[in-house]
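The block underneath contains the structure these notes are about, expressed in structure tokens.
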Amino acid sequence: MPDEAETESRTAAVARRAVSRRRFLQGLGVAGVAAGAGGALIPLTALPQRERALAENAEDEKIAAHQWVMVIDMRRCTNERDCMSSCRKNHYLHEGQEWIKTYTIETHNIEDPHGHSHYMPTLCMHCQQAPCVKVCPVGATFKSPDGATLVDQDRCIGCRMCMAACPYDVRTFNWDDPLPAPNVLGKPAPEYPVPQRKGTVNVCDMCTHNTRNGELPHCVDACPNQAIFVGDLATDLATDGKETVRLSELLQDNDAFRYKEELNTQPRVFYIAGHGQDES
Ligand code: SF4
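When we follow the working numbering, the leftmost residue of the sequence shown carries the number 6, and every step to the right adds one.
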């Protein structure tokens, strides 16, 4: 984990860069909103307090004030894949090196005899009990105080044990030289690992460089159907970039579920079931 001075300089560098996108997330940090996500999130509601207790310094404590989660509303996803292209473009990734990927699931059963195609955007689940973190022999993969699972390319030795341990198959390996990219933070950092480094493992960074700057993750911003929400357990708010709702109500009222919940990895990505029928 970077020291305080290093983190401060990175954060300042991010803050200085030109912002052309709407800064929705500032609304998620409005003081006076009740903390806690309600009864629907019992295992995760304790996280802000737990993360704060773990915070090593004032900067970490500040970061831990938000506890990010993602919510994918599959009723709205029509497989446009703008999330994929925006993520790739903004992280300077090669074609086919996807940090978010939309899978198509075909269903035919007694309740759905005519069948439907379901589109399931899949990204790092930012597991609270992350198998990748547990197996990394050099501590290159770690949990950020705000809940993201990040990779420190300076530490990664490319052993790929994390790729084998991840039950969601969302990590990729940098086999090739990275695409040329601007050095936004002065040098690649776990919060914005751009450009990538050959011989290291990479995965969705939850756009930590954006959320800490009051901006939306790129996939949320790019989705034309507002199918992806970013939410904050600490303020119990979530936004799809267009509207802001109560996170707990969004999850509870729509029977949100987590992928492979039975593994007890405690994913921070929630799904609302559907098959694109709510295209806006
Ligand atoms: Fe790690 Fe995979 Fe969980 Fe992401 S989804 S935190 S890469 S185990």
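Just so you know, even glycine gets a beta-carbon here, dropped at the ideal spot from N, CA and C.
In this text, all values refer to a predicted model and were calculated from it rather than measured experimentally.
*Hey, how far is the Cα of M89 from the Cα of E103?*
For the purposes of this step, residue 89 is taken as residue 84 along the sequence shown, with counting starting at 1. For the purposes of this step, residue 103 is taken as residue 98 along the sequence shown, with counting starting at 1. Approximately 7 Å, taken between the alpha carbons.
*Touching or not, the region 149–167 and the region 209–218, by the rule of three or more beta carbon pairs under 8 Å?*
yes
*For H223, which of helix, strand or coil comes out of DSSP?*
For the purposes of this step, residue 223 is taken as residue 218 along the sequence shown, with counting starting at 1. In the three-state scheme derived from DSSP, where H, G and I count as helix and E and B as strand, H223 is classed as helix.
_Rounded separation between R86 and K247 - CA only_ = On the sequence shown, position 81 is the one that residue 86 refers to. On the sequence shown, position 242 is the one that residue 247 refers to. The straight-line gap from Cα to Cα measures roughly 18 Å.
*Would you call S253 buried or exposed, if buried means 16 or more other Cβ atoms sit within 10 Å of its Cβ?*
One-based indexing of the sequence shown puts residue 253 at position 248. Its Cβ being crowded by 16 or more others within 10 Å, S253 is buried.
_D182 to I277 span [Cα, whole Å]_ = For the purposes of this step, residue 182 is taken as residue 177 along the sequence shown, with counting starting at 1. For the purposes of this step, residue 277 is taken as residue 272 along the sequence shown, with counting starting at 1. For D182 and I277, the distance between alpha carbons rounds to 37 Å.
*Would you mind listing the alpha helix (DSSP H) stretches within the region 192–237 that are 4+ residues and don't spill past its ends, in chain order?*
213–216 and 223–227
*For D258, does the three-state DSSP call read helix, strand or coil?*
In the sequence shown, residue 258 corresponds to position 253, counting from 1. Helix.
_Relative to the C-alpha of G204, which candidate in S91, T177 and E196 has its C-alpha closest?_
As a first step, residue 204 must be located in the sequence shown, where it is residue number 199. Among S91, T177 and E196, the Cα nearest to that of G204 belongs to T177.
*asked:* Taking 8 Å as the threshold (C-beta atoms), are M130 and R273 in contact?
replied: Numbered from 1 along the sequence shown, position 268 holds the residue referred to as residue 273. Numbered from 1 along the sequence shown, position 125 holds the residue referred to as residue 130. It is a contact, given that the beta carbons lie within the stated cut-off.
*Report buried or exposed for S122, applying the criterion of at least 16 other Cβ atoms within 10 angstroms of its Cβ.*
Position 117 of the sequence shown, counted from the first residue, corresponds to residue 122. Exposed is the label assigned to S122, since fewer than 16 other Cβ atoms lie within 10 Å of its Cβ.
_Tell me whether the region 225–241 and the region 131–140 touch, counting them as touching only if at least three CB pairs, one residue from each stretch, are closer than 8 Å._
no
*Grab me the residues of P172's own chain with a C-beta within less than 7 Å of its C-beta, minus the 5 sequence neighbours each way, in chain order.*
Start at 1 with the first residue of the sequence shown, and residue 172 comes out as number 167. Taken in chain order, the residues that qualify are P136, K265, L268 and T270.
*With DSSP as the reference, please indicate the residues paired to R251 in a beta bridge.*
Position 246 of the sequence shown, counted from the start, is the residue given in the question as residue 251. Answer is L242, bridged to R251.
*Going by the CB atoms, is the gap between V206 and V199 shorter than 8 Å?*
Along the sequence shown, one-based indexing puts residue 199 at 194. Along the sequence shown, one-based indexing puts residue 206 at 201. Not a contact, by the Cβ cut-off of 8 Å.
*Taking N84 as the reference, which of T112, N62, V76 and M125 has the closest Cα?*
In the sequence shown, the residue the question calls residue 84 occupies position 79. Here the closest residue by C-alpha is M125.
*Do you know how far the Cα of D237 is from the Cα of S91?*
Translated into positions along the sequence shown, residue 91 becomes position 86. Translated into positions along the sequence shown, residue 237 becomes position 232. Each residue's Cα considered, the two are about 22 Å apart.
_Less than 8 Å between the C-beta atoms of M79 and G279, yes or no?_
Residue 79 sits at position 74 when you count from the first residue of the sequence shown. Residue 279 sits at position 274 when you count from the first residue of the sequence shown. In contact: M79 and G279 (Cβ atoms closer than 8 Å).
*In the region 144–175, which residue ranges form an unbroken beta strand (DSSP E) of at least 3 residues, counting only runs that do not cross its ends?*
Segments of the beta strand (DSSP E) lying fully in the region 144–175: 146–148 and 154–156.
*Residue from T249, Q257 and D245 whose Cα sits closest to the Cα of R81*: Here residue 81 is taken as the residue at index 76 of the sequence shown, counted from 1. When each option's Cα is compared against that of R81, the closest is D245.
*asked:* Any heavy atom of the ligand SF4 closer than 7 Å to the beta-carbon of H96?
replied: In the sequence shown, residue 96 corresponds to position 91, counting from 1. Outside the cutoff, so no.
*Could you spell out the range, first to last residue, of the beta strand (DSSP E) harbouring P118?*
Locating residue 118 in the sequence shown gives position 113, where the first residue counts as 1. Taken as a continuous stretch (DSSP letters only), the beta strand (DSSP E) holding P118 covers D117 to L128.
*Quick one: what's got a C-beta closer than 7 Å to R27's C-beta in the same chain, skipping five residues either side?*
The count along the sequence shown starts at 1 and reaches residue 27 at position 22. Any reading at R27 must be qualified, since the residue scores a pLDDT of 41, below 50, and its modelled position is unreliable; the value itself is stated next. So no residue of the chain qualifies.
_Residue from G120, C164, Y97 and N179 with nearest C-alpha to Q282_ = On the sequence shown, position 277 is the one that residue 282 refers to. Residue G120 is the option with its Cα nearest to Q282.
_Just to be sure I understand the criterion: a residue counts if its Cβ is closer than 6 Å to at least one heavy atom of the ligand SF4. Which residues meet that?_
A distance filter of 6 Å between CB atoms and the heavy atoms of the ligand SF4 selects the following residues in sequence order: C129, M130, H131, C132, A135, P136, C137, T154, C171, Y173, V175, R176, V208 and T270.
_Within 8 Å, strictly: CB atoms of Y97 and A243_ = What you label residue 97 is simply residue 92 of the sequence shown in a count that begins at 1. What you label residue 243 is simply residue 238 of the sequence shown in a count that begins at 1. Contact: no.
*Let me know if T112 comes out buried or exposed under the rule of 16 or more other beta-carbons within 10 Å of its beta-carbon.*
Reading the sequence shown from its first residue, position 107 is the one you call residue 112. That one is exposed.
*From A194, K67, Y108 and E100, pick the residue whose C-alpha is nearest to that of C161; which is it?*
Working through the sequence shown from its first residue, we reach residue 161 at position 156. Checked all of A194, K67, Y108 and E100; the closest Cα to C161 is A194.
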